[in-house]
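This report refers to the structure that appears directly beneath it.
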Amino acid sequence: MLALSPDSNERSQQLANRLHVNYRFLADPDLAVTRRLGLVHAGGGPGGKDVPRPATILIDRAGVVRWTAFGTNVQSRPDPNEVLRAIRAL
Amino acid sequence: MMQPMPVSPRAGTRRLALVALLLGLGTVVTYVGLLQALIPLRPVWYLSAIGLAVLLAGIALSRRRHWLTVTAFAVTLLLLGAASLFNFVATRVPMTPSALVVGRPAPDFTLPDSSGRPVRLADYRGQKAVVLVFYRGYW
């Protein structure tokens, strides 16, 4: 599990400690990777800053995308059970 | 035998208006409180709760016109409008085409993790399946 955001490493570490999760947080501060993958919500952040749009992607061992959930609302997240079902279906 | 305290229709209506007002405002407070704990309240829940508050305030108002019932109806209706605007307009994300397409290989990238170590997506190939989660961050 890789979680990707423009947050700084310090901020992500704080978040990981607070949520007690052990997955890896990746920092994309200038959104270079996010932009290349077409996952930028232009002007969606504070002060019209660009931010990633919520997305969950399942990639199999062969490196092929097998399942995606792209949020149409900043509040929307896929149901964790839905993600688990997609993983079990691999 | 103890008789239950009679509730006059007036007091009952005022109480209903008060419940509606508390439900509406309480939902907003709960939303903000849970957000601090990083638990976002789902739109279906807060919209339903505020919708119910409007309904209760409407019933109270239809029973009796009183400053409290009028206020409760106006405030809850305003909250419903604000919550709807927030959910259906302010938080919408425009759909843009993504390079991550089901059935196609994921484009490779390398990014540092929170300890600064570079993580390359292709390094997982042949090893593990990957769940990639993009989120807005907490700045």
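Chains as they are written, first to last, in this note's numbering: chain A, 17 to 106; chain B, 130 to 268.
For every residue, glycine included, the Cβ atom is placed at its ideal position computed from N, Cα and C.
So, using beta-carbon positions, are B:L152 and B:L190 closer together than 8 Å?
-> no
Answer yes if the segment 223-230 of chain B comes into contact with the segment 196-206 of chain B, meaning at least three C-beta pairs across the two stretches below 8 Å, and no otherwise.
-> no
Name the DSSP beta bridge partners of B:L250, please?
-> Its beta-bridge partners do not exist; DSSP assigns none.
Would you decide whether A:H36 is buried or exposed? Buried here means 16 or more other CB atoms lie within 10 Å of its CB.
-> exposed
Reference A:L75; option with closest CA among A:R104, A:A58 and A:K65 | It is worth fixing the name first, because residue 75 of chain A is Ile in this sequence and not Leu. Between A:I75 and the set A:R104, A:A58 and A:K65, the nearest pair of CA atoms involves A:R104.
Please list the partners that A:A71 has in chain B, where partner means a Cβ-to-Cβ separation under 9 Å.
-> By Cβ distance, chain B contributes S227, L229, L261, V262, F263 and Y264.
Using 8 Å as the Cβ pair cut-off and three pairs as the minimum, do the segment 47-60 of chain A and the segment 218-227 of chain B touch?
-> Yes, the segment 47-60 of chain A touches the segment 218-227 of chain B.
Could you name the residues of the same chain whose beta carbon sits closer than 7 Å to that of A:P70, not counting the 5 residues immediately before and after it, in chain order?
-> These residues qualify, in order along the chain: G87, V90, S92 and R93.
Give the residues of chain B in contact with A:L47, contact being defined as C-beta atoms less than 9 Å apart.
-> Under the 9 Å cutoff, chain B gives no residues; its nearest Cβ is about 10 Å from A:L47.
Indicate whether the contact test is met: 3 or more Cβ pairs, each with one atom in the segment 235-253 of chain B and one in the segment 17-33 of chain A, closer than 8 Å.
-> When C-beta atoms of the segment 235-253 of chain B are compared with those of the segment 17-33 of chain A, three or more pairs fall below 8 Å, so the two segments count as touching.
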